[in-house]
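Numbering (the working numbering), first residue to last: 233 to 645.
Heads up, the thing below is written out as structure tokens.
Here's what the structure looks like:
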């Protein structure tokens with residue numbers, strides 16, 4: 233941990249409530265340090281991660297731009313069984329103490345957005361957004377054990393076009409404690425690699441040696457790893473791809489940098505070196521994933537949450553054990569949120585089923601919840617594995633009926 237990095241409470245986001253975002257009509261989901269959304273194809277797992285990413289993008293780019301980037305309101309609002317008029321995304325969180333001598337903060341942030349017919353053409357054109365509701369409340373005990381509370385509530389503010397687009401939390405991002413919340417929400421990392429980008433040799437930047445969310449600058453990110461982190465990446469890749477003895481960058485002093493591996497064949501004393509363009513899809517994806525999990529910004533506490541879709545993609549099922557270990561090890565330093573179709577991740581005695589959130593599609597609507605007691609009992613009694621229940625569509629979620637959060641802002645309906 234960097235001496236200047238905050239000691240973050242874990243996890244950062246403790247609860248997520250979503251209404252009418254894409255296929256999710258309603259969900260109220262608690263999160264831990266390591267949480268896996270497990271479900272079959274087209275269940276809506278990625279829409280849960282997408283909702284969190286939407287909040288981040290709406291804060292950075294503005295809600296109109298975030299809607300436009302997703303194809304407009306037609307693609308954002310739930311359409312089944314009837315068209316929704318608005319969507320709500322809320323998070324409960326905990327933040328480290330700010331450098332003012334106080335303690336850590338806990339709170340809730342929530343936005344409700346709705347479409348509004350946009351006027352104008354050309355550069356100002358964009359999907360109109362009505363901010364029906366934006367609420368934030370943060371509190372901490374002070375030295376006299378009384379609650380210190382900071383909050384705001386805005387209603388029915390109209391944002392037209394892409395130039396008039398700022399959420400209230402973005403407007404207050406210079407004022408503590410809202411500045412810390414804004415910074416932490418916008419530092420969430422959503423890893424969605426592009427295979428061709430992972431393989432690219434990229435020109436080195438004189439300033440940034442960080443991994444892009446699409447897998448860009450993998451070679452530079454490997455060069456930036458500390459010795460311990462690079463050893464861990466090499467060990468995990470070696471467990472996933474037998475024969476790999478080292479993972480690293482090509483010559484860091486060259487103008488262009490890519491990933492490389494050293495591979496030792498049986499009976500040979502000298503390892504073979506392969507660049508990214510010669511690696512199999514599974515190998516380069518594993519290197520990218522592990523680099524994302526152990527990158528310096530994670531080590532130094534600058535990334536509060538890392539979200540990963542289908543980390544098992546292109547990997548052999550036997551790699552599930554090493555993958556699970558890597559994800560759980562990383563969750564000691566950063567909140568890890570993953571989606572998967574591979575219940576093999578949890579087919580081991582030490583796997584914690586409480587980390588699973590079952591995701592299923594019911595009549596075109598996504599439902600999300602913890603593993604139900606019957607499924608837990610079946611797995612505990614050895615009658616079936618988690619993977620067998622998933623493949624037979626017998627893994628069930630505990631789904632609570634819609635309910636408002638425990639505490640409401642004054643006057644909220």
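Think of the CB as a built atom: it goes at the ideal place given N, C-alpha and C, for glycine as much as any other residue.
Cβ shell of residue i (< 7 Å), same chain only, five flanking positions each side left out
i           : result
residue 587 : 264, 266, 267 and 268
residue 390 : 348 and 362
residue 468 : 522, 554 and 558
residue 243 : 263, 264, 265 and 567
residue 196 : A question about residue 196 goes unanswered here, because the residues of the chain that appear run from 233 up to 645.
Between the CA atoms of residue j and residue i - distance to the nearest angstrom
i           : j           : result
residue 505 : residue 493 : 6 Å
residue 598 : residue 281 : 13 Å
residue 428 : residue 479 : 19 Å
residue 304 : residue 298 : 9 Å
residue 245 : residue 323 : 7 Å
residue 591 : residue 423 : 20 Å
residue 584 : residue 431 : 34 Å
residue 482 : residue 619 : 39 Å
residue 407 : residue 446 : 32 Å
residue 577 : residue 515 : 18 Å
residue 502 : residue 542 : 35 Å
residue 404 : residue 552 : 44 Å
residue 272 : residue 628 : 12 Å
residue 338 : residue 532 : 22 Å
residue 410 : residue 343 : 15 Å
residue 234 : residue 486 : Low per-residue confidence applies at residue 234: pLDDT is 37, beneath 50, and the placement is therefore not dependable enough to give any value.
residue 610 : residue 474 : 34 Å
residue 517 : residue 379 : 46 Å
residue 529 : residue 459 : 15 Å
residue 420 : residue 310 : 24 Å
residue 350 : residue 360 : Annotation note: pLDDT 48 at residue 350 (below 50); position unreliable, coordinate value reported separately. Rounded to the nearest angstrom, the two C-alpha atoms are 4 Å apart.
residue 436 : residue 488 : 6 Å
residue 248 : residue 498 : 50 Å
residue 634 : residue 279 : 18 Å
residue 453 : residue 463 : 14 Å
residue 449 : residue 624 : 40 Å
residue 250 : residue 602 : 16 Å
residue 441 : residue 626 : 45 Å
residue 550 : residue 316 : 43 Å
Pair within 7 Å by beta-carbon distance, residue i and residue j
i           : j           : result
residue 400 : residue 366 : yes
residue 283 : residue 321 : yes
residue 384 : residue 465 : no
residue 455 : residue 425 : no
residue 630 : residue 613 : no
residue 318 : residue 285 : no
residue 275 : residue 593 : yes
residue 562 : residue 513 : no
residue 387 : residue 334 : no
residue 524 : residue 457 : no
Spatially closest choice to residue i from the options, by CA coordinates
i           : options               : result
residue 212 : 491, 549 and 571      : For residue 212 there is no data in the structure shown, the boundaries of the chain being 233 and 645.
residue 301 : 275, 284 and 289      : 289
residue 496 : 312, 436, 477 and 508 : 477
residue 574 : 475, 524, 256 and 277 : 277
residue 293 : 412, 402 and 340      : 402
residue 434 : 419, 387, 507 and 382 : 507
residue 595 : 287, 295, 249 and 314 : 314
residue 340 : 379, 413 and 316      : 413
residue 270 : 550, 582, 544 and 564 : 544
residue 556 : 582, 534 and 623      : 582
residue 622 : 607, 550, 634 and 328 : 607
Distance between beta carbons of residue j and residue i, contact taken as under 8 Å
i           : j           : result
residue 490 : residue 520 : Rounded, the Cβ-Cβ distance is 12 Å, inconsistent with contact.
residue 416 : residue 536 : 5 Å
residue 253 : residue 308 : 7 Å
residue 418 : residue 615 : Contact flag wrong, Cβ pair sits at about 46 Å.
Residues of its chain near residue i, where Cβ-Cβ distance is below 6 Å and the 5 sequence neighbours each way are ignored
i           : result
residue 617 : 579
residue 600 : 259, 261, 589 and 591
residue 569 : 267 and 539
residue 287 : 321
residue 257 : 310 and 597
residue 329 : 335 and 336
residue 381 : 371
Contacts around residue i, its chain only, beta-carbon distance under 8 Å, and the 5 residues preceding and following it disregarded
i           : result
residue 255 : 276, 279, 310, 312, 593, 596, 597 and 598
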